[in-house]
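Participant: Supplied in structure tokens, the structure appears directly below.
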Amino acid sequence: MIVSLGGTAGLREADEELAASLRRAGARVELARTRRPPELRTYAALELAWALNARRAAVLAVREHNPRAVVYSSTTAALLGPVPGAIRFDAPAAGNRPGRHGLWQRPVEARRFQATPLLVPWSEGGLDEAPTPRAGAVIVPVPVAPSGPPERKDIAAITYGANPEKKGLDRVLAAWARDARAGEALVVAGLDEAAGREWLDRAGASGVGAVRFTGLVPRAEYRALLRRARVFVTAPRREDYGIAQLEALADGCVLVTNAAAGPYAALPLARALDARLVDDGLDVRAALDDPVRDYADRAADALAPFTPAGVDRVVAEELLPRLMGESAPAAAAGR
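Take 1 as the starting number for the sequence shown in the working numbering and just add one per residue.
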């Protein structure tokens, strides 16, 4: 049973992906979905409301399904969990809830991470931020794959701006104002025109005409934009995972980014592919005019552990046996 917090579309999709992978490995899986609480003024209060709702969902689902194993999907879902279970997370409260924002979450998390039978972080970076002492872990990325056949690269650059403060949209727009040339356009997905113009003013880039704000678009449409874009540029202030960057690499974009704090799974890939493009200066011009040869092919190779097949292999050979309390060789022989 997966206790799914599902506070964002990305988290809900990640939980569905994990459930599907476990089913392909032969498990029967139920999702206990958490009801969204009302918005509250502080992270500490809001996450208490989420944790209470996750506990209620888990209690009802355990009563109905009597699961052999439970996975709490996110630290918040696990904080008040009614039964022992593995904890799946992109980043721990120890890393992304400093100061008063994690006043009660961090100490409870530390106890949960020590007592749980298994941690299931999305990335090595997420595990590195987890408090110690802690349980053993199996790293299971969120799978990414190309969204379709390659298309003509008629968009110079794209970014994802649905959370503009966290994603550093002001930095991206300033870099674009500096580097853009006539006829080139930056597409800002996930932010509408009105909000986008405010961010152009904030970045001091209001004179730039070649910026297009799409607002929220269907996922298939967004991935189609990635297939048409030459460069994905982003400057997050902190990155707990970075699924948008991984998807951009999968769809053939050159990644321009800063060395943001946080687990940031795409960061070591970006450095290995072209270290020039990992810098606070966000050298979009170099990415457009002087990309590394075979960048897309090398990115596809680097993404092998993140592919659905790669993730399925880890789930079947490592995660499911650990959840079932079996040794991996014995479980493999049983299948």
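Every residue gets a Cβ at the ideal spot worked out from N, C-alpha and C, and that includes glycine.
Since the model is a prediction, treat every value here as computed from it, not as a measurement.
Return the residue from the list Thr8, His101 and Leu216 that minimises the CA-CA distance to Asp90.
Facilitator: Residue 90 sits at position 90 when you count from the first residue of the sequence shown. Considering only alpha carbons, the answer is Thr8.
Participant: Can you give, in chain order, each stretch of the beta strand (DSSP E) that sits fully within the stretch 140-227 and has at least 3 residues?
Facilitator: As far as the stretch 140-227 is concerned, its whole beta strand (DSSP E) runs of at least 3 residues are 155-160, 186-189 and 211-215.
Participant: Verify whether the separation of the beta carbon atoms of Arg106 and Arg100 is less than 8 Å.
Facilitator: Reading the sequence shown from its first residue, position 106 is the one you call residue 106. Reading the sequence shown from its first residue, position 100 is the one you call residue 100. Going by C-beta atoms, Arg106 is not nearer than 8 Å to Arg100.
Participant: From the DSSP output, which residues share a beta bridge with Pro121?
Facilitator: Position 121 of the sequence shown, counting from 1, holds the residue named residue 121. Phe89, per the DSSP bridge assignment.
Participant: So does the stretch 219-236 actually touch the stretch 186-193, counting three or more Cβ pairs closer than 8 Å?
Facilitator: The stretch 219-236 is in contact with the stretch 186-193.
Participant: Measuring alpha carbon to alpha carbon, tell me which of Ala49, Asp154 and Val172 ends up nearest Val284.
Facilitator: On the sequence shown, residue 284 is found 284 positions in, with the first residue counted as 1. Here the closest residue by C-alpha is Val172.
Participant: Let me know the secondary structure DSSP gives Thr75 once reduced to three states.
Facilitator: In the sequence shown, residue 75 corresponds to position 75, counting from 1. Helix, per DSSP.
Participant: For Ala32, is the classification buried or exposed, using 16 other Cβ atoms within 10 angstroms of its Cβ as the cut-off for buried?
Facilitator: For the purposes of this step, residue 32 is identified with residue 32 of the sequence shown, where counting begins at 1. Buried: at least 16 other Cβ atoms inside 10 Å.
Participant: To the nearest angstrom, report how far apart Arg322 and Asn53 are at their CA atoms.
Facilitator: The residue labelled residue 322 in the question sits at position 322 within the sequence shown. The residue labelled residue 53 in the question sits at position 53 within the sequence shown. In a straight line, the C-alpha of Arg322 is about 27 Å away from that of Asn53.
Participant: Give the DSSP-derived three-state secondary structure of Leu40 in the structure shown.
Facilitator: On the sequence shown, position 40 is the one that residue 40 refers to. In the structure shown, Leu40 sits in coil (DSSP, three-state: anything other than H, G, I, E or B).
Participant: State the beta-bridge partners of Arg33 as determined by DSSP.
Facilitator: In the sequence shown, residue 33 corresponds to position 33, counting from 1. Note: Arg33 sits in a beta bridge opposite Ser4.
Participant: Cβ of Ala336 within 8 Å of Cβ of Pro82?
Facilitator: With the chain covering only 1 through 335, there is no way to say anything about residue 336.
Participant: Thinking C-alpha only, which one of Ala49, Gly10, Ala69 and Trp50 is nearest Glu30?
Facilitator: For the purposes of this step, residue 30 is taken as residue 30 along the sequence shown, with counting starting at 1. Checking every option, the nearest Cα to that of Glu30 belongs to Ala69.
Participant: By Cβ distance, which residues of its chain are closer than 7 Å to Asp289, with the 5 residues on each side in sequence left out?
Facilitator: Indexing the sequence shown from 1 puts residue 289 at position 289. Closer than 7 Å at Cβ, skipping near neighbours: no residue.
Participant: Just reading off the beta strand (DSSP E) that Leu255 is part of, what are its end residues?
Facilitator: For the purposes of this step, residue 255 is identified with residue 255 of the sequence shown, where counting begins at 1. Taken as a continuous stretch (DSSP letters only), the beta strand (DSSP E) holding Leu255 covers Val254 to Val256.
Participant: Could you check what DSSP says for Ala260 in three-state terms: helix, strand or coil?
Facilitator: Residue mapping note: residue 260 aligns to position 260 of the sequence shown, counting from 1. In this structure, Ala260 counts as coil in the three-state DSSP scheme.
Participant: Between the Cα of Asp274 and those of Leu46, Ala174, Arg293 and Ile2, spot the shortest distance and give me the residue it belongs to.
Facilitator: Here residue 274 is taken as the residue at index 274 of the sequence shown, counted from 1. Of the candidates Leu46, Ala174, Arg293 and Ile2, the one whose C-alpha sits nearest the C-alpha of Asp274 is Arg293.
Participant: Going by other Cβ atoms of all chains shown within 10 Å of its Cβ, with 16 needed for buried, is Asn163 buried or exposed?
Facilitator: On the sequence shown, position 163 is the one that residue 163 refers to. It is exposed - the Cβ of Asn163 has fewer than 16 other Cβ atoms within 10 Å.
Participant: To which residues does DSSP link Val347 through a beta bridge?
Facilitator: The structure shown does not extend to residue 347, since the chain is modelled only from 1 through 335, so no value can be given for it.
Participant: Taking just the CA atoms, how far does Leu267 sit from Val278?
Facilitator: On the sequence shown, residue 278 is found 278 positions in, with the first residue counted as 1. On the sequence shown, residue 267 is found 267 positions in, with the first residue counted as 1. Taking the straight line joining both Cα atoms gives about 8 Å.
Participant: In chain order, which alpha helix (DSSP H) runs of at least 4 residues are fully inside the stretch 262-300?
Facilitator: Fully enclosed alpha helix (DSSP H) runs of 4 or longer: 267-273 and 284-289.
Participant: Looking at the unbroken alpha helix (DSSP H) that takes in Ala244, where does it start and where does it end?
Facilitator: Stepping through the sequence shown from its first residue, residue 244 is reached at position 244. Run containing Ala244: Ile243 to Ala250, per the alpha helix (DSSP H) assignment.
Participant: Between the alpha carbons of Ser123 and Leu249, how many angstroms are there, rounded?
Facilitator: Taking the sequence shown and counting its residues from 1, one reaches residue 123 at position 123. Taking the sequence shown and counting its residues from 1, one reaches residue 249 at position 249. Using only the alpha carbons, I get a separation of about 17 Å.
Participant: List the whole-angstrom C-beta distance separating Val315 from Val71, where the pair is believed to meet the contact cut-off of C-beta under 8 Å.
Facilitator: What you label residue 315 is simply residue 315 of the sequence shown in a count that begins at 1. What you label residue 71 is simply residue 71 of the sequence shown in a count that begins at 1. No, Val315 and Val71 are not in contact; Cβ-Cβ is about 11 Å, not under 8 Å.
Participant: Can you tell me where the alpha helix (DSSP H) with Arg106 in it begins and where it stops?
Facilitator: Within the sequence shown, the letter at position 106 stands for residue 106. That run of the alpha helix (DSSP H) goes Gln105 to Ala115.
Participant: Below 8 Å, can you find three or more Cβ-Cβ pairs linking the stretch 151-163 to the stretch 120-134?
Facilitator: They do not touch, by the three-pair rule.
Participant: Counting C-beta neighbours from all protein chains within 10 Å, is the total for Arg88 16 or more, i.e. buried, or is it exposed?
Facilitator: One-based indexing of the sequence shown puts residue 88 at position 88. Counting Cβ neighbours within 10 Å, Arg88 comes out buried, since at least 16 surround it.
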